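Worksheet: the structure to be examined is printed underneath.
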Amino acid sequence: MATAKIKLADGGRIVIPVEFRKALGLKIGDELVAYVKDGEIHLLTREQAMKKVQDWFCSIVPRGLSLADELIQERREEAAREEREFYRK
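Quick note: to get our numbering, add 622 to the position in the sequence shown (first position is 1).
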C-alpha cells in the first residue's frame, strides 16, 4: 500500500499526490465523495460511492425482491382503496 505525507494548506486544502491520482485514474475537475468514519477521512470517486450504496442496498433487500414491483403494487392497492372510498360517499 502506497503512503504519502500530506500537509493541510490554507482553507483546509490538501493535494492528492500524483501517484495516487494516476493509480485511481483521477483527473483535474473530477468530483470525489468524502466522509469520516472511525476517525478517518475516506475519499471515493462518484462511481465508487454509487457502488458502495448499491452494495449496501443489496445486502438489506432479499434476493429476488423487486422494490419497484413492491412500490407499484402498493400504489395500485392504494388507488383501489381510494376508488372504493370515493364510491361509498
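Note that beta-carbon positions come from the ideal geometry of N, C-alpha and C, so glycine has one too. Keep in mind it's a predicted model, so treat the numbers as computed, not measured.
Beta carbon of residue i nearer than 8 Å to that of residue j
i, j, result
"residue 656", "residue 642", "no"
"residue 630", "residue 638", "no"
"residue 692", "residue 668", "no"
Simplified DSSP state of residue i, which is helix, strand or coil
i, result
"residue 674", "helix"
"residue 640", "helix"
"residue 650", "coil"
"residue 645", "helix"
"residue 665", "strand"
"residue 626", "coil"
Proximal residues to residue i (C-beta, below 8 Å), its chain only, five neighbours per side dropped
i, result
"residue 674", "666"
"residue 658", "664"
"residue 645", "624"
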